[in-house]
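Notes to accompany the following structure.
Numbering (my numbering), first residue to last: 80 to 223.
This is the structure in structure tokens:
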């Protein structure tokens with residue numbers, strides 16, 4: 080996968096923290112710190128531009144440690160980056176805590192999972208095949 084890094088901070092490329100990690104950590108690339116007040120959301124730059132192969136997407140997800148310790152999450156989680164996007168990867172962080180949070184340059188702010196996906200073609204029909212569940216929605220299978 081091709082990647083272009085535009086930052087003067089010297090941070091490494093997104094990377095896996097362990098050999099079994101599904102997500103790569105994304106770091107904030109900032110000229111100055113960003114303060115997130117309670118319930119405030121901001122786009123945080125990462126300095127990463129990439130070219131995904133067709134049939135792949137990148138999913139931007141929260142880091143569990145930031146969520147648990149500081150009440151930060153990725154607002155549109157998971158955020159999808161399509162293979163034809165060539166702009167900078169930015170993370171939409173929101174502060175759900177009662178305290179301000181300062182995002183510092185180089186801080187791990189999210190994780191990114193690269194995934195294959197299928198593209199489908201719709202076939203408009205008058206009726207769908209019947210199933211045991213049918214139109215049963217939320218909670219209809221009895222599983223809690």
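Beta carbons are placed, not taken as given, at the ideal position from N, Cα and C, and that holds for glycine.
These numbers were taken from a predicted model, which means no experiment stands behind them.
Cβ-based neighbour list, residue i, same chain, cut-off 7 Å, excluding 5 preceding and 5 following
{"i": "residue 102", "result": "140, 190, 191 and 192"}
{"i": "residue 174", "result": "115, 116, 117, 118, 119, 150, 151 and 180"}
{"i": "residue 161", "result": "136"}
{"i": "residue 96", "result": "104"}
Buried versus exposed call for residue i [16 or more other C-beta atoms within 10 Å across all chains shown]
{"i": "residue 106", "result": "buried"}
{"i": "residue 80", "result": "exposed"}
{"i": "residue 132", "result": "exposed"}
{"i": "residue 83", "result": "exposed"}
{"i": "residue 211", "result": "exposed"}
{"i": "residue 207", "result": "exposed"}
{"i": "residue 209", "result": "exposed"}
{"i": "residue 92", "result": "exposed"}
{"i": "residue 130", "result": "exposed"}
Three-way DSSP call (helix, strand, coil) for residue i in this model
{"i": "residue 144", "result": "helix"}
Distance cut-off 8 Å: residue i Cβ against heavy atoms of the ligand FMN
{"i": "residue 160", "result": "Although the ligand FMN was asked about, the structure shown includes no ligands whatsoever."}
Close Cβ partners of residue i (< 8 Å) along its chain, the five nearest in sequence each way excluded
{"i": "residue 169", "result": "122, 123, 124 and 125"}
{"i": "residue 157", "result": "138, 139, 140 and 192"}
{"i": "residue 128", "result": "82, 83, 84, 85, 165, 166, 167 and 168"}
{"i": "residue 205", "result": "none"}
{"i": "residue 203", "result": "none"}
Worksheet item: So does the region 164-184 actually touch the region 144-153, counting three or more Cβ pairs closer than 8 Å?
Response: yes
Worksheet item: Between the region 107-117 and the region 198-209, do at least 3 Cβ pairs fall closer than 8 Å?
Response: no
Worksheet item: Which residue spans inside the region 98-175 form an unbroken beta strand (DSSP E) run of at least 3?
Response: 103-106, 113-115, 120-124, 127-130, 135-140, 151-153, 158-160 and 169-174
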